[in-house]
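All the letters of the sequence shown, read from the start, carry residue numbers 188 to 252 under my numbering. Cβ atoms here follow ideal geometry from the backbone N, Cα and C, with glycine treated the same way. Just so you know, these numbers come straight off a predicted model, no measurement behind them.
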Amino acid sequence: MWRDNDVVAHSDGVKRIHHPDAILLAMEFSSFAVEGRPELGMIIYNPASPDDAERLRVLLDGHES
């Protein structure tokens with residue numbers, strides 16, 4: 188699908204998430220969709236800064252079992 192250009196970037200930006208323990212996390216996102224197939228979509232999130240990555244790492248470490 189990628190080779191045939193059936194996958195198109197739909198949107199991108201930054202989403203800010205208010206979390207009670209991390210205060211505020213900024214996550215960059217990109218969404219993709221397969222043309223003509225609305226059920227085939229994907230959103231990718233990445234921390235927007237090294238500080239956001241560290242806050243996310245601390246949150247995830249606290250939830251390990």
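Secondary structure at residue i, three-state DSSP: helix, strand or coil?
i    : result
E241 : helix
D199 : strand
Starting from the Cα of residue i, find the closest Cα among the options and give me that residue.
i    : options          : result
L212 : Y232, D248, H250 : Y232
P234 : F216, G223, A220 : F216
E241 : V201, I210, S198 : I210
Where does the unbroken beta strand (DSSP E) through residue i begin, and where does it stop?
i    : result
S236 : Where S236 is concerned, there is no enclosing beta strand (DSSP E), given that its DSSP letter is neither H nor E.
E222 : Careful: E222 lies outside any beta strand (DSSP E) and carries neither H nor E.
Tell me, to the nearest whole angstrom, how far the beta carbon of residue i is from that of residue j; I am working on the premise that it is less than 8 Å.
i    : j    : result
M214 : D239 : 7 Å
S218 : I230 : 5 Å
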